[in-house]
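*Asks:*
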Amino acid sequence: LRRPCQARENAKKAFQMAFHGSKIGVPDKLCWHERTKKRKKISVPVRVVPKEEVIGLALRAWDEETHHPVQYIQCPHLVIKSGVGEYATASKRSLSPYYSEHTRRDQWCSTKFEQYSKSLKRSHKGLQAVDLKTEQSFLRCVLEKSMEEWEQEKKLSQVDEAVPEEISTSGKDYKVLGIDSEEDDNEGDVRGSKRSCRRSIDKREQRTERLRPGDRIEYYAKQCVAGDPGGLREATILSIDPKGDPILTVDAAFTCLEPDHQVKLLQRCRRGKLVDNDGGKYRPINQYTLHKEGDPDALRNLIMRNAAKGKEIIQKAKENAIAEMEKDGTSAFKDMIR
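In terms of our numbering, the sequence shown opens at residue 1 and continues consecutively.
1. Return the residue from the list Pro-213, Pro-97, Asn-286 that minimises the CA-CA distance to Leu-274.
2. Name the two residues that bound the continuous beta strand (DSSP E) containing Arg-35.
3. Output yes or no for whether 8 Å exceeds the beta carbon distance between Thr-236 and Arg-216.
4. On the three-state DSSP scale, how would you describe Ser-146?
5. Would you say Ala-18 and Gly-126 are within 8 Å of each other, going by their C-beta atoms?
6. Take the Cβ of Arg-93 as the centre, count every other Cβ of all protein chains shown within 10 Å, and call the residue buried at 16 or more, exposed below.
7. Between which two residues does the alpha helix (DSSP H) holding Ala-308 run?
8. Counting only the same chain and skipping the five closest in sequence on each side, list residues whose C-beta sits under 7 Å from that of Val-26.
9. Give a yes or no on contact between the stretch 53 to 66 and the stretch 106 to 120, applying the rule of three or more CB pairs nearer than 8 Å.
10. Considering Lys-125, what are the terminal residues of the beta strand (DSSP E) in which it resides?
11. Starting from Thr-66 and walking both ways along the beta strand (DSSP E), at which residues does that stretch end?
12. Counting along the chain, where does the beta strand (DSSP E) carrying Thr-249 start and finish?
13. Check whether the stretch 33 to 43 touches the stretch 237 to 245, taking contact to mean three or more Cβ pairs, one atom from each stretch, closer than 8 Å.
14. Since Tyr-87 is in the beta strand (DSSP E), which residue starts that stretch and which ends it?
15. How big is the Cα-Cα spacing for Phe-254 and Leu-302?
16. Tell me whether Ile-42 sits in a helix, a strand or coil according to DSSP, three-state version.
17. Between the alpha carbons of Val-48 and Ile-55, how many angstroms are there, rounded?
18. Determine whether the beta carbon atoms of Thr-134 and Ala-11 lie at a separation below 8 Å.
19. So Tyr-72 and Val-44 are supposed to be a Cβ contact under 8 Å. How far apart are they, rounded?
20. Which residue comes first and which comes last in the beta strand (DSSP E) that contains Pro-97?
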């Protein structure tokens, strides 16, 4: 019994090290990738990853209709020096589900794992029996985590969403603040409704919140883990284009949020005033009601304003330095900083 227990412990430690704080994705994203190595066909476990996870990596260009970006799932063994957790692209035809017709969906295909373990033995002579058991336990850890994420996604998709009532809509309050009608907020965007999201959306779940220029949103930076206070950001929407890339232009220069990036509506802009949106929740951008509106040149104007502000700060610093040099009697060198 020592060997299985040792393999499980090693696999859990390796899993925490390889996927610490990262999302695996729903089980449908776990696959076997069939590829050729030294004229032999082998199947290796991979996970299909979202496009934003491979931004900045040196991957060859791929056609989204025929290929997927993937990450190889492999336990980091001491005898394996390279290739662990690498990213690559794979054709959709070369990918098959992690399970087989003869196994349950909570298990990896035993036939393909046997072929995979044999290829590991051939490629890495130092692998022992306990290492292969660890590899099997490692894949089980990945699948279990993926199943947990899937259960969470199902719970989220079953929650009916409603437009939060920021303010009472009766009498004077409604007229003074000029709150838009509920029909306007619930109005669907035909163009935006065709956009897909990584999580499965229940049919009962509709786009009941609308984003507008001037609204204040909250989100986590892409290079941070959700829940990390250091990665929390706020921004004001300047313009919206449901068919654009990016969809939202915000007042944070050089911030590009993907269509499936999770944001929360903090405050609504109503006739130039911000009204708190207490019932806001995180959801992908393409699951809001979106209309093309706002200044299409908002990003260019923002960059120009930031550049002008930077020049003004530099010029003021130069003037202060020259004034200090004149006081110290070293004004002869002032031409060096003009």
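We put the beta carbon where it would ideally sit given N, CA and C, even for glycine.
*Replies:* Taking the coordinates as given:
1. Pro-213
2. 30 to 37
3. yes
4. Residue state, collapsed to three classes: helix.
5. Annotated as distal: Ala-18 and Gly-126, with beta-carbon spacing of 8 Å or more.
6. exposed
7. For Ala-308, the uninterrupted alpha helix (DSSP H) segment begins and ends at 298 to 328.
8. Ser-146, Glu-149, Trp-150, Glu-153
9. no
10. It is not in any beta strand (DSSP E) - Lys-125 carries neither H nor E in the DSSP assignment.
11. No beta strand (DSSP E) holds Thr-66; DSSP gives it neither H nor E.
12. Residues 248 to 250.
13. Not touching, per the Cβ criterion.
14. Bounds of the beta strand (DSSP E) holding Tyr-87 are 87 to 91.
15. Put simply, the backbone Cα of Phe-254 is about 10 Å away from that of Leu-302.
16. strand
17. 14 Å
18. yes
19. 6 Å
20. 95 to 97
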